[in-house]
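Participant: Dropping a structure here in structure tokens format, bear with me for questions.
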Amino acid sequence: AAHAAASAALTARSAAFTGRSVTCAPVKPAMAPRHPRGSARASLDASVADGVILSITSTIKYGAPLYNKGEAKECAALYRQAALSIVRDPMVKSEPIKKRLRDAVAEAERIKEGATEDSDLTEQRMHEKSAWALRRGLDDVVDLLVNPPIDEPRVFEAMQQGDASGVEGDVESEATPSGASAPTIETSTAALFDFGVNAEAANQFRSMHDVVMGGASDGGMRPCTNEKGEVFAKFQGTIRSDNNGGFASVRCSLGSGIDLSQFEGFYVDARAADAATASKRVLFVAKDAECMTTQVNFKAAFKVGFEPEKNGFDRIKIPFAAFDRPERMGRAVMRGPLKADAVCEVGLMVLKEFGDFDVDVAAIGMYK
């Protein structure tokens, strides 16, 4: 009864939250960095390096919407101002950083000068190309200051019945060849979203796709009832590679945050609606209070099974310890792991798994 009351309270609280709009920066064309990632960080004080990264990401936060609205000239001017500000900062003593930004500014100037000789290059297109030249320079500086982990993240899968039963601690499960580990002691759980009881909770998840960056992917979360009478939420869409796109996601705000530190991790009760989806990785997205002010995400990958003859859903457990790879716009960020005492947002994402996807979700919650 206590567990049911706790679950109901969390579910009721989450039902009161509303989504918030999110704008993402446009994806840059693939371009190899001029220097190894993270190679310039040691040349700067930690506070200076973090300040440069924050300055760049904040600039992109405001510049990207301008570009997406067709105001490429204003976007380019903003990027140029940020680049020159870093170059002129006496605290930034890294020559590779300054050289990369000078090169970006010079490239943008050459594009403008060449526009007078290229009759096919419209003024709008000239500003767009200039903005991208500067954007690539800013992105490369972030690469120079960030040193991402070299190990591959784990992919979590549903525990099979009888796996390591009665054994305390975390063990390697033979049923998860990806190397994922899962707790073996079944204890209390609490649902954030029980879609089987309240399918309309699916409508609290706002969609966030690569469309805001020029991509063409789509998807969303909606209530669903199938011919068997099962009630759940359906996370469904299509991932397309057009215009360097490649992701679709849904997010739900938890307001100022919920203290989940009494739990060990999140669980997802889900299944693939088709065999193609079963071969794809799905990402669980989580944000703490610090993430909301710094544009940082945490993601952990999992897979869902497809067994059309089987009723019910698989439970995938993802420990909080898996959320140890903070990133901003796909780049690693120097900060600690997810803080479970103030979780402000959760969501699901499909990234670079091109084609249709279709995931049935019965519940999202926490386990001890």
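Under our numbering, the sequence shown has 330 at position 329, and the numbering climbs by one with no breaks.
Yeah, the Cβ is synthetic: ideal placement off N, Cα and C, and Gly gets one too.
1. Looking only at its own chain, which residues have a Cβ that is under 6 Å from the Cβ of Gly366, when we skip the five neighbours before and after it?
2. Buried or exposed for Thr58, please, with buried defined as at least 16 other CB atoms from any protein chain shown within 10 angstroms of its CB.
3. Using DSSP with H/G/I as helix, E/B as strand and the rest coil, what is Ala263?
4. So for Arg282, helix, strand or coil by DSSP?
5. Which of the three DSSP states, helix, strand or coil, is assigned to Gly258?
6. Suppose the cutoff is 8 Å on Cβ atoms and the five residues either side in sequence are ignored; what does the same chain contact list for Lys353 look like?
7. With Ser254 and Glu346 assumed to form a contact (beta carbons below 8 Å), what rounded beta-carbon distance in angstroms separates them?
8. Near Leu139, what residues of its chain come up, given a Cβ to Cβ distance below 8 Å and the 5 sequence neighbours on each side ignored?
9. Under the DSSP definition of a beta bridge, which residues are partnered with Val344?
10. Would you identify the three-state DSSP class for Thr295, choosing helix, strand or coil?
11. Between the beta-carbon of Asp359 and the beta-carbon of Asp275, is there less than 8 Å?
12. Among Glu231, Phe355, Ala77 and Ile98, which residue has its Cα nearest to the Cα of Met127?
13. Counting Cβ pairs, one atom from each stretch, are 3 or more of them under 8 Å apart for the segment 229-243 and the segment 212-221?
14. Using only alpha-carbon positions, find the residue among Ser95, Ala132 and Ala107 that is nearest to Gly71.
15. State the Cα-Cα distance for the pair Arg137 and Leu261, rounded to the nearest angstrom.
16. What residue from Phe285, Asn298 and Met293 has the CA that sits closest to Lys304's CA?
17. Where do the N-terminal and C-terminal ends of the beta strand (DSSP E) with Gly221 fall, by residue?
18. What residue range does the alpha helix (DSSP H) around Lys130 cover?
19. Taking the continuous alpha helix (DSSP H) assigned at Lys318, which residues delimit it?
20. Pick from Lys113, Lys130, Arg111 and Ser44: whose alpha carbon is nearest that of Tyr68?
21. Under 6 Å Cβ to Cβ from Lys74, same chain only, skipping five residues before and after it: list those, please.
22. Across which residues does DSSP place Gln237 in a beta bridge pair?
23. Decide if Thr278 is buried, meaning its Cβ has at least 16 other Cβ atoms within 10 Å, or exposed.
24. Are Phe236 and Val212 close, meaning C-beta to C-beta below 8 Å?
25. Assuming contact is defined by CB atoms lying nearer than 8 Å, are Val53 and Val147 in contact in what I supplied?
26. Restricting to Cα atoms, I'd like to know which of Gly313, Ala200 and Gly266 is closest to Lys229.
27. When burial is assigned at 16 or more other CB atoms within 10 Å of the CB, is Val351 buried or exposed?
28. Going by Cα to Cα distance, which pick from Ile112, Thr117 and Asp119 is closest to Ala134?
29. Buried or exposed: which applies to Gln296, given that a residue is buried once 16 or more other Cβ atoms fall within 10 Å of its Cβ?
30. Kindly indicate the opening and closing residues of the beta strand (DSSP E) around Ala192.
31. May I ask you to list the residues that DSSP assigns as paired with Phe248?
32. Taking buried to mean at least 16 other C-beta atoms within 10 Å of its own C-beta, is Met209 buried or exposed?
33. Should Asn227 go down as buried or exposed, given a rule of 16 or more other Cβ atoms within 10 Å for buried?
34. Pick from Glu158, Gln205 and Lys340: whose alpha carbon is nearest that of Arg326?
35. Considering only C-alpha positions, which residue in the set Ala65, Gly306 and Val93 is nearest to Leu45?
36. Give me the DSSP bridge partner(s) of Ser208.
Facilitator: On the basis of the data shown:
1. Thr190, Ala191, Ala192, Leu193 and Tyr268
2. buried
3. For the sequence presented, residue 263 should be read as Gln rather than Ala. Gln263 sits in coil when the DSSP states are folded into three classes, being neither helix nor strand.
4. coil
5. strand
6. Ile240, Gly247 and Phe248
7. 5 Å
8. Ile57, Thr60, Ile61, Tyr80, Ala83, Ala84, Leu102 and Ala105
9. Note: Val344 sits in a beta bridge opposite Ile259 and Asp289.
10. helix
11. yes
12. Ala77
13. The segment 229-243, when compared against the segment 212-221, does touch it at the 8 Å Cβ threshold.
14. Ala132
15. 39 Å
16. Taking the Cα of Lys304 as reference, the smallest distance to any Cα among Phe285, Asn298 and Met293 is reached at Phe285.
17. In the DSSP assignment, Gly221 falls within the beta strand (DSSP E) that extends over Asp219 to Thr226.
18. Its alpha helix (DSSP H) spans residues Glu124 to Leu146.
19. Taken as a continuous stretch (DSSP letters only), Lys318 belongs to no alpha helix (DSSP H), being part of the beta strand (DSSP E) at Asp315 to Pro320.
20. Lys130
21. His128
22. Gly221 and Asp359
23. buried
24. no
25. no
26. Gly313
27. buried
28. Ile112
29. buried
30. Unbroken beta strand (DSSP E) run through Ala192: Thr190 to Asp195.
31. Answer is Leu352, bridged to Phe248.
32. buried
33. Exposure of Asn227 is indicated by the presence of fewer than 16 other C-beta atoms within 10 angstroms of its C-beta.
34. Lys340
35. Ranked by Cα distance from Leu45, the first of Ala65, Gly306 and Val93 is Val93.
36. Val251
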